Amino acid sequence: MSVKDLLETVIGLVNEHNAWRLTRAINMIASENVMSPLALKAYVSDFMFRYAEGKPFKRYYQGTKYIDELEVLTEKVIGSLIGSSMVELRPTSGTLANAAVFRVLAEPGDAAVIAPVQAGAHVSHTRFGTLGALSIRQVDMPYDAENMNVDVDGAVKLIREVRPKFAVLGGSVYLFPHPVKEIAEAVHEVGGKLVYDAAHVFGLICGKAWPNPLERGADVMTASTHKTFPGPQGGLIAFRDEQLYKAVGKTVFPWFVSNHHLHRIPATLITALEMKEYGEEYAHQIVRNSRRLAEELSARGFKVLGERLGYTRSHQVVVNVRELGGGAWAAKTLEEADIIVNKNLLPMDPPEAVKDPSGIRIGTQEVTRLGMKEGEMEVIADFLYRLLIKREEPQKVREEVHAFRKGYMEVKYSLKEDRLITVLDLLK
Ligand SMILES: *Cc1c(COP(=O)(O)O)cnc(C)c1O
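Residue numbers (my numbering): 940 to 1367.
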């Protein structure tokens, strides 16, 4: 293919994707979000071309005086949202944040006790992911199916037996907060630390709609900056323990990142300011929306998990679609109507069911950012009912999805400011 043809192709694919996901689709992947136009403008800056290895004001390169100031300021503003004066922004993803923390807390061969996959553990907490890469032994806490959570008494007993270097709570698929206080006490008793992985719920924590693990005994919190916290893709670590803060700071660079993708920093800062201004309103609306969506789905005959416990306290709704056709079929069918969710293992699924698990996971954080409230959750529940239970043609429902989506084209809970000059204004 010629350059001209390839250029044609790339332009076509990018334009199609943007138009699809930003103007036509209802995005309900629970780990995604959209940035505000202002944060986006700050993202497209010269910082994306630059390096700044090391900590602010102690870099290994010249040319970093502005990023030094921005990085310290971002640490401060995020710290003020979560009550921590020790924030590390350089991990370029949540997984790398976990890697840096795990590696400092344990040596190869040591044990870590983790919330089990049924309670939402992310692959990075397991032998198949970061824990395995670091040769740290994975020991699972027992699961309490009735409360859809870690079995607290069993986990405390296990921690006393195993005496792990650290325990991990927090997850990718969880509806209810994990028992931070009890696990922190048990792991501290045996000289270990508690890591809380807040990748999914970081925005909810900033907005005070989810319990802050650092206030309940966790020694360290890792997070992604692009899930319920609606910033650019990236990671961060917040600490309560100064020794740990210093030790991890020395390993992020040079062990896990060299360049930390500087253009994330001002965009993360603007998002943090938006969370300072609107975070509480936004986070509580997310939770109200997911609850309402769960109720509306249940009223239409869906098997929504967590009914006895009020369905959800997070941005997620989990639905058992096994009898309707399975998670793979449901997610694919919804995609044909431009409603984007992911298939998911349910607590009772065997691990080999990953390709066709029983569930779908639905997140309300992005549609909430676009201004949707409880009434709109009813409309979405209706789309799901027509597609998955009534089995109407996806192509037919899709037109209505597009018409509905047109009403939500503005990013809410965001700051406005005209003076920011982007790299596109300068580089011709
Ligand atoms: C998404 C997620 C991560 C990984 O974050 P990335 O930024 O994608 O690397 C880590 N932990 C949990 C619990 C997650 O859900």
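For glycine and all other residues, C-beta sits at the position ideal for the given N, C-alpha and C. Here the structure is a predicted model, which is why all the values come from computation and not from measurement.
For residue i, write down the residues that DSSP places opposite it in a beta bridge.
i, result
"L1108", "Y1135"
"Y1082", "V1089"
"K1242", "N1259"
"N1283", "G1298"
"K1189", "Partner(s): none; K1189 has no beta bridge."
"L1153", "For L1153, which the question treats as bridged, DSSP gives no partner whatsoever."
"G1174", "S1163"
"R998", "G993"
"N1198", "Bridge partners of N1198: none, in fact."
"I965", "I1278"
"Q1077", "A1051"
Which residues bound the alpha helix (DSSP H) around residue i?
i, result
"A981", "P976 to Y982"
"V1340", "P1333 to R1344"
"R1042", "G1033 to L1044"
"R948", "The question names Arg, but residue 948 is Thr in the sequence shown. That run of the alpha helix (DSSP H) goes V942 to A958."
"E1121", "V1119 to E1128"
"D1277", "No alpha helix (DSSP H) holds D1277; DSSP gives it neither H nor E."
"S1019", "K1004 to I1021"
"V1318", "E1313 to L1323"
"V1362", "V1362 to L1365"
"T1069", "T1069 to A1072"
"G1265", "Segment: none, G1265 is in no alpha helix (DSSP H) and carries neither H nor E."
"K1144", "With the sequence shown as reference, residue 1144 is identified as Ile, and Lys is not the correct amino acid for it. Taken as a continuous stretch (DSSP letters only), the alpha helix (DSSP H) holding I1144 covers F1141 to C1145."
Quick one: is residue i buried, meaning 16 or more other Cβ sit within 10 Å of its Cβ, or exposed?
i, result
"E1010", "buried"
"A1357", "First, the residue type needs correcting, since residue 1357 is Asp and not Ala in the sequence shown. Looking at its Cβ environment, which holds fewer than 16 other Cβ atoms inside 10 Å, D1357 is exposed."
"W1149", "buried"
"R1330", "exposed"
"N1151", "buried"
"V1235", "A small fix is needed here, since residue 1235 is Glu in this sequence, not Val. By the 10 Å Cβ count, E1235 comes out buried."
"A1342", "exposed"
"I1021", "buried"
"T948", "exposed"
"K997", "exposed"
"Q1001", "exposed"
"V1370", "Nothing can be reported for residue 1370, as the shown portion of the chain is limited to 940 through 1367."
"Y999", "exposed"
Hey, could you find the ends of the beta strand (DSSP E) residue i is sitting in?
i, result
"I1299", "G1298 to G1302"
"E1027", "M1025 to E1027"
"S1163", "V1159 to S1163"
"I1053", "A1050 to I1053"
Does at least one heavy atom of ligand 1 sit under 7 angstroms from the Cβ of residue i?
i, result
"S1163", "yes"
"T1167", "no"
"H1200", "no"
"H1117", "no"
"G1110", "yes"
"S1229", "no"
"T1251", "no"
"A1039", "no"
"D1357", "no"
"A1072", "no"
"T1303", "no"
"D1079", "no"
"A1138", "yes"
"E1034", "One detail in the question is off: residue 1034 reads as Thr in this sequence, not Glu. At least one heavy atom of ligand 1 is nearer than 7 angstroms to the Cβ of T1034, so yes."
"G1174", "yes"
"V1254", "This sequence places His at residue 1254; Val is not what is there. Checking the Cβ of H1254 against ligand 1 gives no."
"S1063", "yes"
"S970", "yes"
Discussion item. Is it the case that the region 1130-1142 contacts the region 1151-1164, given that we only count it when at least three CB pairs across the two stretches are under 8 angstroms?
Written reply: yes
Between the region 1059-1078 and the region 1172-1189, do three or more beta carbon pairs fall short of 8 angstroms?
-> no
So does the region 1254-1273 actually touch the region 1337-1348, counting three or more Cβ pairs closer than 8 angstroms? no
Quiz item: When the Cβ atoms of the region 1266-1279 are set against those of the region 960-976, are three or more pairs found closer than 8 angstroms?
Solution: yes
State whether the region 1051-1064 contacts the region 1107-1123, with contact taken as three or more CB pairs (one from each stretch) at a distance under 8 angstroms. yes
**Asked** Touching or not, the region 1196-1210 and the region 1026-1039, by the rule of three or more beta carbon pairs under 8 angstroms?
**Response** yes
Between the region 1203-1217 and the region 1293-1305, are three or more C-beta pairs nearer than 8 angstroms? no
### Task
Specify whether the region 1310-1319 and the region 1225-1240 touch according to this definition: at least 3 beta carbon pairs, one from each stretch, less than 8 angstroms apart.
yes
Do the region 1117-1130 and the region 1085-1101 make contact, defined as three or more Cβ pairs closer than 8 angstroms?
-> yes
| message | Pairs of beta-carbons, one from the region 1236-1255 and one from the region 1168-1177, closer than 8 angstroms: are there three or more? | response | no
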